[in-house]
Amino acid sequence: MARFTLPRDLYFGKGALEELKNLKGHKKAMVITGGSSMEKFGFLKKVENTLKEAGLEVTVFKGVEPDPSVETVMNGAEKMREFEPDVIVAIGGGSPIDAAKAMWVFYEHPDKTFDDIKDPFTIPRLRNKAIFVAIPSTSGTATEVTAFSVITDYSQKIKYPLADFEITPDIAILDTDIPNTMPPKLVAYTGMDALTHAIEAYLASNRSRFSDSLAKESIISIVDNIVASYNGDEEARGEMHIAQCLAGMSFSNALLGITHSLAHKIGAQYEIPHGCCNAILLPYVIQFNAKSSLSRYADIARLLGLQGGTEKQLVDSLIDTIQKLNTLLNIPSTLKQIGVEEDKFKSTVRYISENAVLDPCTASNPREASAQDFEKILECAYYGKSVTF
């Protein structure tokens with residue numbers, strides 16, 4: 062038997078924030094946000110006003126940082142316990158939504174510690190005190206529809222992907238007016254994050270006909286729209302906002318692979334944005350995984366209408382397409398080009414590799430990978446060498 066889990070309700074399109082009025086009947090809403098961009102462009106105020114119109118008392122927790130920390134999560138959970146909301150509304154990029162998911166856990170279960178829930182599927186039952194509404198401002202993480210939350214332990218310089226269907230939001234609102242506020246670099250990084258989600262979901266061990274269909278639709282739409290979105294086309298921005306959500310629905314159920322295992326560890330260690338890590342690593346990971354999954358990658362190449370007389374040629378075309386997208390989006394092709402110093406790389410590559418083996422995404426990768434394999438992949442991604450092992 063298999064499982065496929067999504068939010069109960071998903072509202073999408075221009076002006077979708079108005080659907081917050083459906084929360085009428087609830088009493089208190091705590092809004093979690095990073096703050097700056099959503100406040101600057103008026104979306105935070107619109108959320109507050111709409112909730113108040115629906116009769117809810119509202120308080121706002123601002124200032125969730127990029128790559129939210131354990132400390133921020135615990136602070137937010139404490140504020141929740143003081144206010145006692147029956148609705149948690151998270152608006153912003155992946156960071157505030159991920160942080161709010163983790164705050165939700167400790168709001169409902171104050172006796173738990175971070176160590177109690179950092180392993181996959183160890184989160185206790187939620188919705189005893191509140192439901193969760195997610196409103197993404199970026200088009201990449203798809204955390205508004207997933208069972209994941211990435212929290213950083215800065216003392217260890219490790220990102221922990223919390224994983225449990227309990228933290229899948231109850232309601233997702235994709236207002237396609239919001240992503241028009243993103244600067245081009247953020248469009249590039251989040252868009253390639255979404256493409257990585259869709260491709261890895263199509264290869265992951267828990268894939269199904271449901272997840273495959275969503276992954277394929279997402280891949281086509283992202284490749285068709287990401288460059289135009291980067292160049293500011295509003296229609297393409299709207300298409301990307303939907304496409305990344307489709308990818309999220311897919312990978313939340315199919316799971317992911319070692320591009321993400323490595324990106325989780327590299328991002329914290331070298332302070333590189335998550336989507337940028339994925340964009341750099343993806344071609345090298347495809348080369349590694351193709352040894353056992355050539356036909357699945359070839360399927361993606363055919364789906365995109367790429368050229369190749371053999372499956373290997375098709376996979377080479379897929380890798381070339383990803384590399385060309387990175388170039389058009391001004392994303393470096395190696396870790397060295399992004400600015401990671403060689404001495405630092407050499408001193409940390411083993412630590413990163415050993416921790417990547419323990420990442421939850423490693424278990425669902427289509428090809429088994431050891432710490433030694435991770436180290437070799439990272440060396441290729443640092444120096445720009447082909448993965449041939």
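Using this note's numbering, you'd call the opening residue of the sequence shown number 62 and step up by one each time. Cβ coordinates follow ideal geometry from the N, Cα and C atoms, glycine included.
Query, Result
"Spatially closest choice to glycine 309 from Lys277, Ile319, Ile333, Gln330, by CA coordinates", "Lys277"
"DSSP state of tyrosine 221 mapped onto helix, strand, coil", "strand"
"Residue burial classification, asparagine 314 (beta-carbon count within 10 angstroms, cutoff 16)", "buried"
"Residues near phenylalanine 102 by beta carbon distance below 7 Å, same chain, minus five either side", "Thr242"
"Other residues of its chain near threonine 229: CB distance less than 8 Å, five sequence neighbours each side excluded", "Thr66, Leu67, Pro68, Val206, Thr207, Ala208, Ser313"
"Residue range of the alpha helix (DSSP H) that includes serine 269", "Counting along the chain, serine 269 falls outside any alpha helix (DSSP H), and DSSP gives it neither H nor E."
"Alpha-carbon spacing of proline 127 relative to glycine 370, whole angstroms", "44 Å"
"Pairwise C-alpha distance: aspartate 360 and serine 272", "15 Å"
"Length of the line joining the Cα atoms of phenylalanine 182 and alanine 224", "6 Å"
"Residue environment, threonine 204, which counts as buried when at least 16 other CB atoms sit within 10 Å", "buried"
"Proximity below 7 Å, CB of valine 121 to CB of alanine 90", "no"
"Integer-rounded CB distance, given that valine 211 should sit under 8 Å from histidine 302", "The Cβ separation is near 20 Å, so there is no contact."
"Leucine 264 versus serine 394: straight-line alpha-carbon distance, rounded", "23 Å"
"Contact with chain D by glutamate 132, beta-carbon distance below 7 Å", "The structure shown contains no chain D; it holds only a single protein chain."
"Separation of tyrosine 345 from asparagine 339, as counted between CA atoms", "10 Å"
"Per DSSP, the bridge partner or partners of proline 197", "Gly153"
"Test item: CB-CB of alanine 161 and threonine 133 under 7 Å", "no"
"Touching by the beta-carbon criterion (3+ pairs, under 8 Å), the segment 376-387 and the segment 396-416", "no"
"Proximity below 7 Å, CB of alanine 115 to CB of leucine 71", "no"
"Assumed close pair isoleucine 93, glycine 137 - CB separation to whole angstroms, cut-off 8 Å", "6 Å"
"Strand pairing of histidine 87, partner residues [DSSP]", "Lys85"
"Boundaries (first-last residue) of the beta strand (DSSP E) holding glycine 74", "70-74"
"Meets three-Cβ-pair contact criterion under 8 Å: the segment 250-266 and the segment 276-296", "yes"
"Three or more C-beta pairs below 8 Å linking the segment 146-165 and the segment 186-201", "yes"
"Same chain, Cβ closer than 6 Å to glycine 124, neighbours up to 5 away in sequence not counted", "Gly96"
"Neighbour-count burial assignment, proline 240, 16 or more Cβ in a 10 Å radius", "buried"
"Short Cβ contact (7 Å threshold) for isoleucine 184 with glutamate 139", "no"
"Anticipated Cβ contact below 8 Å, glutamine 348 with isoleucine 319, distance rounded", "The pair is not a contact, with the Cβ atoms about 12 Å apart (cut-off 8 Å)."
"Residue environment, glutamate 300, which counts as buried when at least 16 other CB atoms sit within 10 Å", "buried"
"Glutamate 296 versus threonine 382: straight-line alpha-carbon distance, rounded", "23 Å"
"Cβ-based burial, phenylalanine 450 [other Cβ within 10 Å; buried from 16]", "exposed"
"Residues that DSSP places opposite threonine 213 in a beta bridge", "Ser130, Lys220"
"Segment limits, alpha helix (DSSP H) that includes valine 121", "Premise fails: valine 121 lies in the beta strand (DSSP E), 118-122, not in any alpha helix (DSSP H)."
"Distance cut-off 6 Å: serine 354 Cβ against heavy atoms of the ligand FAD", "Only the bare structure without any ligand can be found here, which leaves the ligand FAD out of the picture."
"Cβ neighbour criterion (16 or more within 10 Å) applied to tyrosine 291", "buried"
"For asparagine 267 and leucine 316, believed in contact at Cβ under 8 Å, the rounded distance", "5 Å"
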